[in-house]
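> Below are the structure tokens for one structure; questions will follow.
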Amino acid sequence: MANNFGLTVDPKEVSLDATRLKNIDKHFKRYVDEGRLAGFAVAVARRGEVAHFGMYGHKDSETSASITSDTMYRIYSMTKPVTSIALMMLVEQGLLQLTDPVSKFIKSFGETRVWNTGTILKPMTAALTEPIRVWHLLTHTSGLTYGFNYADVVDDMYRRAGFETGLSYNESLEVVCDKIASLPLVFQPGSSWNYSMATDVVGRIIEVISKMPLDEFLEKNIFAPLGMTDTAFFVPEEKRSRVSSLYRYDEVNHSKIKLDALGNSSLEKPKFLSGGGGLISTAGDYFKFIKMLEGRGKSGDVRIVSSRTIDLMTQNHLPNNADISTFGRPIGEEFLYDGLGFGLGFSVVVDQAKTRVACPKGTFAWGGMASTAFWV
-13 MANNFGLTVD PKEVSLDATR LKNIDKHFKR YVDEGRLAGF AVAVARRGEV
37 AHFGMYGHKD SETSASITSD TMYRIYSMTK PVTSIALMML VEQGLLQLTD
87 PVSKFIKSFG ETRVWNTGTI LKPMTAALTE PIRVWHLLTH TSGLTYGFNY
137 ADVVDDMYRR AGFETGLSYN ESLEVVCDKI ASLPLVFQPG SSWNYSMATD
187 VVGRIIEVIS KMPLDEFLEK NIFAPLGMTD TAFFVPEEKR SRVSSLYRYD
237 EVNHSKIKLD ALGNSSLEKP KFLSGGGGLI STAGDYFKFI KMLEGRGKSG
287 DVRIVSSRTI DLMTQNHLPN NADISTFGRP IGEEFLYDGL GFGLGFSVVV
337 DQAKTRVACP KGTFAWGGMA STAFWV
């Protein structure tokens, strides 16, 4: 049965202004009316209570099917915080440490080298000055990359290996991680920041330690306890009509281009369980996860991780409190990385003035490539 998501409190009761909240909807309605978005859903909550929830437009423009409170979305990289929390649950149990080398759990990473010079066909690599460690994966300082970064030769090597987006492989997570380990790093571990498939490797570590497939671990330890009944790596047949289609805006012709209406392959459990971008969810379901984060690991009577773990994860872990724009290779997105550091699975505001936005210092967040995002 679909979960209905909506207001749980009058905005005034949590010191918010309903009129100002409606300006958020007005802003995004312009995007829809101009044809840049098919539709949107946006929620604002305070102290765990939903004070605003706005929807507008279509989940599928061709059929004119409207966005509803239970519309399902491919959340892509908003999967990463979920997987990061899952790993920290194992850290709390003493089953690994953040300083452990990744090769302790995935032996192929013991042979990984770093790019030095040469060409794609004849790369010249060097030995690592220190091993890739678990905390490198969570902070995106491991030296791994994505093919879509288009910044250097190693990115091209990832594309040639089929790792452009980090999705849609007909191979297991174990096989994919071994292939990633065979490719050179962009830089020595810990020496820079680069957005990458590192969280997919985190997912494999979870499997190795827990002796459970990633989807089963997430369902048992996060989704079921939080009541996230519409979050998974695939959509069952009976829920297919609720899934939003994907569109790209064509700047030349000023029109939306339909990219994918969720093919039949997504109705079955994929071989590759992507901890970096494979989940499908709803606004209401993901809010349950965010509510747990806002509650410093707890939602209602359910505790997922300790408050100290959330505090650790949402601090900036980049050296000398650096931001991404100075320490790394920022990816091309709709927002800048000035003033944003990175924690264990989240971006973190370290300098509000430098960000030039109203998010206060300490705000943590992340998003996905299909225009999904959250802030706490």
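No gaps in the numbering here: position 81 of the sequence shown is 67 in the numbering used here, and each next residue is one more.
Beta carbons: idealized from backbone N, C-alpha and C, even for Gly.
1) Rounded C-beta distance between residue 84 and residue 120? I'm assuming under 8 Å.
2) How far does the beta strand (DSSP E) with residue 234 in it extend, from its first residue to its last?
3) DSSP three-state label for residue 328, please.
4) Do residue 327 and residue 308 count as a contact pair if the criterion is CB distance below 8 Å?
5) Please return the same chain residues whose Cβ sits closer than 8 Å to the Cβ of residue 203, not counting the five positions on each side in sequence.
6) Between the beta-carbon of residue 354 and the beta-carbon of residue 155, is there less than 8 Å?
7) Start and end of the beta strand (DSSP E) containing residue 38?
8) Are the region 262 to 276 and the region 205 to 213 touching by the rule of at least three beta carbon pairs closer than 8 Å?
9) Hey, how far is the Cα of residue 5 from the Cα of residue 11?
10) Under the assumption that residue 122 contacts residue 181 (Cβ atoms under 8 Å), give the Cβ distance between them as a whole number of angstroms.
11) Since residue 26 is in the beta strand (DSSP E), which residue starts that stretch and which ends it?
12) Going straight from the alpha carbon of residue 94 to that of residue 101, what length do you get?
13) Sorted by chain position, which residues of the same chain lie with C-beta nearer than 7 Å to residue 241's C-beta, five sequence neighbours on each side aside?
14) Would residue 91 and residue 162 qualify as a contact pair, given that the criterion is a beta-carbon distance under 8 Å?
15) Measure the C-alpha to C-alpha separation of residue 105 and residue 141 and round it to an integer number of angstroms.
16) So, using beta-carbon positions, are residue 232 and residue 175 closer together than 8 Å?
17) Determine, using beta carbons only, whether residue -5 and residue 30 come nearer to each other than 8 Å.
18) Residue 58 and residue 229: beta carbons closer than 8 Å?
19) May I ask which residues mark the beginning and end of the alpha helix (DSSP H) holding residue 144?
20) Report the CB separation of residue 169 from residue 136 in whole angstroms; it is logged as a contact under 8 Å.
21) Does the ligand PLP have even one heavy atom less than 7 Å from the beta-carbon of residue 51?
22) For the alpha helix (DSSP H) that residue 275 lies in, which residues bound it at each end?
23) By the three-class DSSP mapping on this structure, what secondary structure does residue 87 have?
24) Could you work out which residue in 41, -9, 98, 18 is closest to residue 8 when comparing CA atoms only?
Looking at the atomic coordinates:
1) Along the sequence shown, one-based indexing puts residue 84 at 98. Along the sequence shown, one-based indexing puts residue 120 at 134. So it is a contact: roughly 5 Å between Cβ atoms.
2) In the sequence shown, counting from the first residue as 1, residue 234 sits at position 248. Taken as a continuous stretch (DSSP letters only), the beta strand (DSSP E) holding residue 234 covers 232 to 236.
3) Translated into positions along the sequence shown, residue 328 becomes position 342. Reduced to three states, the DSSP call for residue 328 is strand.
4) By 1-based counting over the sequence shown, the position of residue 308 is 322. By 1-based counting over the sequence shown, the position of residue 327 is 341. Yes, these two residues count as a Cβ contact at 8 Å.
5) Taking the sequence shown and counting its residues from 1, one reaches residue 203 at position 217. Result list for residue 203: 72, 192, 193, 196, in chain order.
6) By one-based count along the sequence shown, residue 354 stands at place 368. By one-based count along the sequence shown, residue 155 stands at place 169. The Cβ atoms of residue 354 and residue 155 do not sit closer than 8 Å to each other.
7) Along the sequence shown, read from residue 1 onward, the residue named residue 38 stands at position 52. Counting along the chain, the beta strand (DSSP E) containing residue 38 begins and ends at 35 to 46.
8) yes
9) Within the sequence shown, numbered from 1, the residue matching residue 5 stands at position 19. Within the sequence shown, numbered from 1, the residue matching residue 11 stands at position 25. If I take the Cα positions, the gap works out to 10 Å.
10) Position 136 of the sequence shown, counted from the first residue, corresponds to residue 122. Position 195 of the sequence shown, counted from the first residue, corresponds to residue 181. That belief does not hold up - the Cβ atoms of residue 122 and residue 181 are roughly 13 Å apart, past 8 Å.
11) The residue you call residue 26 lines up with position 40 of the sequence shown. First-last of the beta strand (DSSP E) with residue 26: 25 to 32.
12) Translated into positions along the sequence shown, residue 94 becomes position 108. Translated into positions along the sequence shown, residue 101 becomes position 115. Near 17 Å, if we compare the C-alpha coordinates of residue 101 and residue 94.
13) The residue you call residue 241 lines up with position 255 of the sequence shown. Taken in chain order, the residues that qualify are 21.
14) Here residue 91 refers to the residue found at position 105 when the sequence shown is read from its first residue. Here residue 162 refers to the residue found at position 176 when the sequence shown is read from its first residue. For residue 91 and residue 162, no; Cβs fall outside 8 Å.
15) Start at 1 with the first residue of the sequence shown, and residue 105 comes out as number 119. Start at 1 with the first residue of the sequence shown, and residue 141 comes out as number 155. Taking the straight line from one Cα to the other gives about 12 Å.
16) Residue numbering aside, residue 232 sits at position 246 when the sequence shown is read from its first letter. Residue numbering aside, residue 175 sits at position 189 when the sequence shown is read from its first letter. Cβ distance not < 8 Å, so residue 232 and residue 175 don't count as in contact.
17) Position 9 of the sequence shown, counted from the first residue, corresponds to residue -5. Position 44 of the sequence shown, counted from the first residue, corresponds to residue 30. Contact: no.
18) Start at 1 with the first residue of the sequence shown, and residue 58 comes out as number 72. Start at 1 with the first residue of the sequence shown, and residue 229 comes out as number 243. Yes, these two residues count as a Cβ contact at 8 Å.
19) Taking the first residue of the sequence shown as position 1, residue 144 is located at position 158. Taken as a continuous stretch (DSSP letters only), the alpha helix (DSSP H) holding residue 144 covers 139 to 146.
20) Here residue 169 refers to the residue found at position 183 when the sequence shown is read from its first residue. Here residue 136 refers to the residue found at position 150 when the sequence shown is read from its first residue. The distance from the Cβ of residue 169 to that of residue 136 is about 16 Å, inconsistent with a contact at the 8 Å cut-off.
21) As presented, the structure is devoid of all ligands, the ligand PLP included, so that no description of it is given.
22) Against the sequence shown, residue 275 aligns to sequence position 289. That run of the alpha helix (DSSP H) goes 269 to 280.
23) The count along the sequence shown starts at 1 and reaches residue 87 at position 101. In the structure shown, residue 87 sits in a strand (DSSP, three-state: E or B).
24) Counted from its first residue, the sequence shown places residue 8 at position 22. The shortest C-alpha separation from residue 8 is found at 41.
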